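Colleague: Quick note: the sequence shown uses my numbering, first residue 48, plus one each step.
Glycine included, C-beta positions come from ideal geometry on N, C-alpha and C.
Quantities reported herein were computed from a predicted structural model and do not represent experimental measurements.
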Amino acid sequence: MQNQKINPTNTQFKPETSKKRVFSGIQPSGDVHLGNYLGAIKGWVGHQTEKENFFCIVDLHALTVPQDPIQLRSQTRSLAAILIAAGIETEKCTLFIQSHVAAHAEACWILNCSTPLGWLERMTQYKDKASNQISVSMGLLDYPVLMAGDILLYDAQEVHVGDDQKQHVELARDIAQRFNHIFGETFTLPKAIIPKTGARVMALNDPLVKMSKSETQLSGHAVGLLDHPDEIKKSITRAVTDSGNEIRFSKEPEKAGVNNLLGIYKVITGKSESDVETDFEDAKGYGELKLRVAEVVIDEIIPIQRRYKRLMGDVGELDNLLAKGAKQAQAISESKLDEIKTKIGLILSKNK
Ligand code: TYM
48 MQNQKINPTN
58 TQFKPETSKK
68 RVFSGIQPSG
78 DVHLGNYLGA
88 IKGWVGHQTE
98 KENFFCIVDL
108 HALTVPQDPI
118 QLRSQTRSLA
128 AILIAAGIET
138 EKCTLFIQSH
148 VAAHAEACWI
158 LNCSTPLGWL
168 ERMTQYKDKA
178 SNQISVSMGL
188 LDYPVLMAGD
198 ILLYDAQEVH
208 VGDDQKQHVE
218 LARDIAQRFN
228 HIFGETFTLP
238 KAIIPKTGAR
248 VMALNDPLVK
258 MSKSETQLSG
268 HAVGLLDHPD
278 EIKKSITRAV
288 TDSGNEIRFS
298 KEPEKAGVNN
308 LLGIYKVITG
318 KSESDVETDF
328 EDAKGYGELK
338 LRVAEVVIDE
348 IIPIQRRYKR
358 LMGDVGELDN
368 LLAKGAKQAQ
378 AISESKLDEI
388 KTKIGLILSK
398 NK
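1. Under 8 angstroms, with one C-beta from each stretch per pair, do the stretch 94-101 and the stretch 63-74 reach the 3-pair mark?
2. Specify the secondary structure class of N179 as computed by DSSP and reduced to three states.
3. Who are the near neighbours of Q114 in its chain, counting only those whose CB is closer than 7 angstroms to its CB and skipping five residues on each side?
4. Please list the terminal residues of the continuous beta strand (DSSP E) segment that includes H207.
5. Do Q145 and V92 count as a contact pair if the criterion is CB distance below 7 angstroms?
6. Based on the DSSP secondary-structure assignment, which residues constitute the bridge partners of T141?
7. Would you check if the stretch 240-251 and the stretch 297-313 touch, i.e. whether three or more CB-CB distances between them fall below 8 angstroms?
8. Considering Cα atoms alone, identify which of K89, S121, L110, G90 is closest to D78.
9. Could you compute how far the alpha carbon of V314 sits from the alpha carbon of N159?
10. Quick test of your reading: Q377 and V148, contact by CB under 8 angstroms. State the CB separation rounded to the nearest angstrom.
11. Checking 7 angstroms against the spacing of the C-beta atoms, do K337 and F230 come in under that value?
12. Let's test the definition: count the other Cβ atoms within 10 Å of the Cβ of V344 and tell me whether it reaches 16, buried, or not, exposed.
13. Any idea which residues DSSP pairs V69 with across the strands?
14. Roughly how many angstroms separate the alpha carbons of G90 and P163, rounded to a whole number?
15. Does the stretch 128-141 touch the stretch 217-228, meaning 3 or more C-beta pairs lie closer than 8 angstroms?
16. Does DSSP put S382 in a helix, a strand or coil?
17. Under 7 angstroms between the Cβ atoms of A219 and P237?
18. Indicate whether A109 and G209 have their beta-carbon atoms separated by less than 7 angstroms.
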């Protein structure tokens, strides 16, 4: 049964809602940076009204690499506050912590049993992360199956992510297709939605690698969403560029630094590429480019930091909002899990 061929013409189940359903997630590991904000969070905030959104703080995913328990707890609350401060409205969408909804871990186990090991071993993120570690946990390999469970439990049609998560969303689609083929139509096939600009914000100290949470401790690598404005200015004005003076968008590797700074400016201002280039026509070299980019970044982040401080002043209220979100998520995911269990031949418990 495991080796049956997948029928690519499987029809998709559509949830009964006129709005597109979205599931997106973010890990509470490390400091949230400008890449997370521009590649994911800012977009989530932008489509809150037109879509039905589930936003999840994926603490179980964070466990796939070693975490300090005290830090993990505080980063999880801090991330919830950052998301709300950035504009996620808990009256409009469902914001919750992954481990508060047990169906995610259960779905992961069930999907593990129909996912070929080779599919996971091929994941580039797994190969990159595993190559940096002496001992690799099962969790790291299984990471994309847990992610597939997250998405499929909600019959999400769209998954809004940065470029680095595209392969994982495609795998979730393959896992869904395989399950549907073996057990009959069960899951909606999800699609990755990746922003045109900001999907891959590069490191300031090396514009050939992406800005990454695991490197935020390194000075000059990233702009943290909670960094002091002076720190932000310092990181951006020290950004690696090239020895030229042309301020234009470019795919050439030697212009990657300038291209990255212009991309950051473009997403924040919402301007077109040509308008951005026009804005810098009169700029006196890269020094001025960097100062002006730092200015828009700081203007964008300061109000978020103010709201963040207020939210962190009432952790009880934050926990209440997350509990409400978990309840909403449970209602949907538990009934989906029952459907899955029935399809594969498990008896549903009477103790509900
Ligand atoms: P995470 O926590 O690494 O990142 C959260 C989001 O930020 C995006 N991102 C970036 N975007 C642009 N430039 C960058 N340098 C950059 N770095 C990160 C990520 O693409 C992501 O959208 N596996 C996911 C979490 C997850 C998930 C899910 C996402 C778990 N379950 C279900 C969607 C649906 C992750 O590690 O994201």
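Modeller: According to the structure data:
1. yes
2. Sequence index remark: in the sequence shown, residue 179 carries index 132 (1-based). Three-state result, N179: coil.
3. The residue labelled residue 114 in the question sits at position 67 within the sequence shown. Excluding sequence neighbours, Q114 sits near S76.
4. Counting from one through the sequence shown, the residue named residue 207 turns up at place 160. Unbroken beta strand (DSSP E) run through H207: 205-207.
5. Your numbering for residue 92 matches position 45 in the sequence shown. Your numbering for residue 145 matches position 98 in the sequence shown. Not a contact, by the Cβ cut-off of 7 angstroms.
6. Working through the sequence shown from its first residue, we reach residue 141 at position 94. Answer by DSSP bridge pairing, in chain order: F101.
7. yes
8. As a first step, residue 78 must be located in the sequence shown, where it is residue number 31. Selected option, being the one with the closest Cα: S121.
9. On the sequence shown, residue 314 is found 267 positions in, with the first residue counted as 1. On the sequence shown, residue 159 is found 112 positions in, with the first residue counted as 1. Rounded to whole angstroms, V314 to N159 spans 38 angstroms at the Cα level.
10. Within the sequence shown, the letter at position 330 stands for residue 377. Within the sequence shown, the letter at position 101 stands for residue 148. Correct: roughly 5 angstroms between the Cβ atoms.
11. Against the sequence shown, residue 337 aligns to sequence position 290. Against the sequence shown, residue 230 aligns to sequence position 183. No; because the gap between Cβ atoms is not below 7 angstroms, this pair is not in contact.
12. Counting from one through the sequence shown, the residue named residue 344 turns up at place 297. The residue in question, V344, is buried, as its Cβ has 16 or more Cβ neighbours within 10 Å.
13. As a first step, residue 69 must be located in the sequence shown, where it is residue number 22. Paired residue(s): N100, E205.
14. By 1-based counting over the sequence shown, the position of residue 90 is 43. By 1-based counting over the sequence shown, the position of residue 163 is 116. Answer to the nearest angstrom: the Cα atoms are 33 angstroms apart.
15. no
16. Taking the sequence shown and counting its residues from 1, the one referred to as residue 382 is at position 335. If DSSP states are grouped into helix, strand and coil, S382 belongs with the helices.
17. To locate residue 219, count along the sequence shown from 1; it is residue 172. To locate residue 237, count along the sequence shown from 1; it is residue 190. For A219 and P237, yes; Cβs fall inside 7 angstroms.
18. Indexing the sequence shown from 1 puts residue 109 at position 62. Indexing the sequence shown from 1 puts residue 209 at position 162. Taking 7 angstroms as the Cβ cut-off, A109 and G209 do not qualify as a contacting pair.
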